[in-house]
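These notes concern the structure reproduced below.
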Amino acid sequence: MGELEDSVMTRVWKWNRPVTVREVLEDLQQERSIAYTTVMTVLDNLHQKGWVRREAEGRAYRYEAVSTRAAYAAALMNEAWSQSDNPAAALVAFFGMMSEEQREALSDAMRIVQGPNVQAPNPPNPDAAEGEAER
């Protein structure tokens, strides 16, 4: 998704309701000079790409997001990961770039995916392993 498409989609996701070209245009014009036809073309392109659905309202359309911003981010991550020739190394590098807050969010997400009855395995205790070795 290009920068202008992202700016348009950010508004569609934020407003979380069907929007008109005019509404998006007026909001975008607070940040930049942009033509009605440009916004109309961007929303048409997003419709053709499957990011928004549209419904006719008189001579115009109302556009609504097909999925959430979170789903879009997940698709980007999945696409990047699937292009790696070493997915495990890519994940290790990705996790290494994460902030503490992002790692906590990842842990929360894993608990949701795994379900409430699944516990993460306990890490091995090096002291216990030494005791075993001495016996």
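Throughout, the numbering used here is defined as the position within the sequence shown, counted from one, plus 85. The beta carbon of each residue, even a glycine, is placed where N, CA and C say it ideally should be.
Distance, residue j Cα to residue i Cα
{"i": "A165", "j": "M182", "result": "15 Å"}
{"i": "Y146", "j": "V177", "result": "45 Å"}
{"i": "E88", "j": "R138", "result": "20 Å"}
{"i": "A156", "j": "R144", "result": "31 Å"}
{"i": "E140", "j": "N163", "result": "30 Å"}
{"i": "V104", "j": "V97", "result": "7 Å"}
{"i": "W136", "j": "A159", "result": "14 Å"}
{"i": "D91", "j": "G200", "result": "33 Å"}
{"i": "Q187", "j": "F179", "result": "11 Å"}
{"i": "V124", "j": "R102", "result": "17 Å"}
{"i": "Q168", "j": "L161", "result": "11 Å"}
Of the residues the options, the one placed nearest residue i, counting alpha carbons only
{"i": "W100", "options": "W136, E149, N130", "result": "E149"}
{"i": "Q133", "options": "M86, R188, L191, M195", "result": "M86"}
Presumed contact (8 Å Cβ cut-off) between residue i and residue j, rounded CB distance
{"i": "L131", "j": "V93", "result": "7 Å"}
{"i": "L128", "j": "I119", "result": "About 12 Å; that fails the 8 Å criterion."}
Bridge partners - residue i, DSSP secondary structure assignment
{"i": "R147", "result": "E140"}
{"i": "V104", "result": "Y148"}
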